[in-house]
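Undergrad: Pasting in a structure now, in structure tokens, and then I'll have a few things to ask.
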Amino acid sequence: MPVILQRNSGQKRPQVAWNTCDLPRRQLYVEGYVSPDLQVIRTTPRQANPIDLPPTYASLAMPIDPSKTVYYRRGRFTTRLPKEYFFTPSHYWIEQTGDDTFRVGLTRFATRMLGDFVEIHFDTHPEDKIEEGQTIGWVEGFKALADIYCIASGTFVGRNPSIDSDPQQVDNDPYDRGWLFSYNGSMPGTVLTTDEYIALLDSTIDKMLAEQQQQEDKSC
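Set out below in structure tokens:
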């Protein structure tokens, strides 16, 4: 049965298994997978390796011109990463859409950990001041319910209105129609280029696969 910890229930949340950066340990733990800035409040039993994606998930269409993306594969996890985006160690992406306006979303790696999206909620309203690390909402997926954190300080512009009626866009088209929110401010202090994010994915996935192999060896 799934382990369910209700929001504001006072129950202790699962402990992080590892960090992929030096940010505070706000984590998502789903079947052994960890992302530092997503804080889990529901997990499912460990039954299958989330990297083993069905071909239908791995080949979902992305409206962004493929020539402007980098194809990535590690193990059985595949994705296309936009070359002009920046990324955070906590698996958010950032696109600059104006002089001081930025759009933020979850990477394919993060959406794979959450599973099919059910609902997305924001507690923050347009023109609210926001601080880096502040909780501004939450997302509910089939595998986990996780808090959304602001990756930089500034002014909240608004959430993506189209995901209210179709939250699956965050999973099906994470780098375009499935963006989460936008803000006015500046680029976060710690961001990664596409190549740097690929290196982070390599080390993170290798670590997870090594842990999985260790668990399998112990069970033999």
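Just so you know, this note's numbering puts the end of the sequence shown at 1474, numbered straight through with nothing missing.
Where a beta carbon is used, it is the ideal one built from N, C-alpha and C, also for glycine.
Quantities reported herein were computed from a predicted structural model and do not represent experimental measurements.
1. For A1400, which of I1417, I1384, T1409 and F1376 has the nearest alpha-carbon?
2. Quick check on I1390: does DSSP put it in helix, strand or coil?
3. For the beta strand (DSSP E) containing V1324, list its first residue and its last residue.
4. Determine the direct distance from the alpha carbon of F1331 to that of M1484, and round the result to whole angstroms.
5. If I'm right that V1324 touches T1448 with Cβ under 8 Å, what's the distance once you round it to whole angstroms?
6. The beta strand (DSSP E) with N1426 in it runs from where to where?
7. S1419: which of E1373, D1353, Q1350 and W1347 sits nearest, CA to CA?
8. Distance, Cα to Cα, W1392 vs I1402?
9. Which one of L1446, E1394, H1379 and Q1467 has the shortest CA to CA distance from F1410?
10. Based on Cα-Cα distance, which residue from D1382, Y1339, E1381 and Y1326 lies nearest to F1363?
11. Return the chain-ordered ranges of every alpha helix (DSSP H) run that is complete within the region 1349-1386 and spans a minimum of 4 residues.
12. Roughly how many whole angstroms lie between the Cα atoms of N1426 and T1342?
13. Going by C-alpha to C-alpha distance, which of Q1350, K1337, L1360 and P1428 sits closest to S1344?
14. With DSSP as the reference, identify every bridge partner of P1336, one or two as the case may be.
15. Is the beta carbon of Y1451 less than 7 Å from the beta carbon of G1408?
16. Roughly how many whole angstroms lie between the Cα atoms of I1348 and R1431?
17. Using the three-state DSSP reduction, which class does Y1451 fall into: helix, strand or coil?
18. How is the alpha helix (DSSP H) around I1417 delimited, first residue to last?
19. Here's the rule: buried if 16 or more other CB atoms are within 10 angstroms of the residue's CB, otherwise exposed. What is E1394?
20. Measuring alpha carbon to alpha carbon, tell me which of T1351, D1370 and A1406 ends up nearest E1385.
TA: So, to answer that:
1. Taking the first residue of the sequence shown as position 1, residue 1400 is located at position 146. With distances taken between Cα atoms, A1400 lies closest to F1376.
2. Translated into positions along the sequence shown, residue 1390 becomes position 136. Strand, per DSSP.
3. As a first step, residue 1324 is located in the sequence shown; it is residue number 70 there, counting from the start. T1323 to R1328 is the extent of the beta strand (DSSP E) around V1324.
4. Any answer about residue 1484 is impossible in this case: the structure gives the chain only from 1255 up to 1474.
5. On the sequence shown, position 70 is the one that residue 1324 refers to. On the sequence shown, position 194 is the one that residue 1448 refers to. Right, their Cβ atoms sit about 6 Å apart.
6. Counting from 1 along the sequence shown, the entry for residue 1426 is found at position 172. No beta strand (DSSP E) holds N1426; the alpha helix (DSSP H) holding it covers Q1423 to N1426.
7. Here residue 1419 corresponds to residue number 165 of the sequence shown, with the count starting at 1. The shortest Cα separation from S1419 among E1373, D1353, Q1350 and W1347 belongs to E1373.
8. In the sequence shown, the residue the question calls residue 1392 occupies position 138. In the sequence shown, the residue the question calls residue 1402 occupies position 148. Going by the C-alpha atoms only, they are around 5 Å apart.
9. By one-based count along the sequence shown, residue 1410 stands at place 156. With distances taken between CA atoms, F1410 lies nearest to H1379 out of L1446, E1394, H1379 and Q1467.
10. As a first step, residue 1363 is located in the sequence shown; it is residue number 109 there, counting from the start. With distances taken between Cα atoms, F1363 lies closest to Y1326.
11. Qualifying alpha helix (DSSP H) stretches, in chain order: 1362-1368.
12. Here residue 1426 is taken as the residue at index 172 of the sequence shown, counted from 1. Here residue 1342 is taken as the residue at index 88 of the sequence shown, counted from 1. Their backbone Cα atoms lie some 20 Å apart in a straight line.
13. Position 90 of the sequence shown, counting from 1, holds the residue named residue 1344. Here the closest residue by C-alpha is L1360.
14. Here residue 1336 refers to the residue found at position 82 of the sequence shown. Beta-bridge pairing links P1336 to T1323.
15. The residue given as residue 1451 occupies position 197 in the sequence shown. The residue given as residue 1408 occupies position 154 in the sequence shown. Remark: C-beta atoms of Y1451 and G1408 do not approach each other more closely than 7 Å.
16. Residue numbering aside, residue 1348 sits at position 94 when the sequence shown is read from its first letter. Residue numbering aside, residue 1431 sits at position 177 when the sequence shown is read from its first letter. The alpha-carbon atoms of I1348 and R1431 are separated by roughly 14 Å.
17. One-based indexing of the sequence shown puts residue 1451 at position 197. Here Y1451 carries a helix assignment [DSSP, helix/strand/coil].
18. By one-based count along the sequence shown, residue 1417 stands at place 163. Counting along the chain, the alpha helix (DSSP H) containing I1417 begins and ends at S1416 to S1419.
19. Here residue 1394 refers to the residue found at position 140 of the sequence shown. E1394 is buried by the Cβ-count criterion.
20. Counted from its first residue, the sequence shown places residue 1385 at position 131. Of the candidates T1351, D1370 and A1406, the one whose C-alpha sits nearest the C-alpha of E1385 is A1406.
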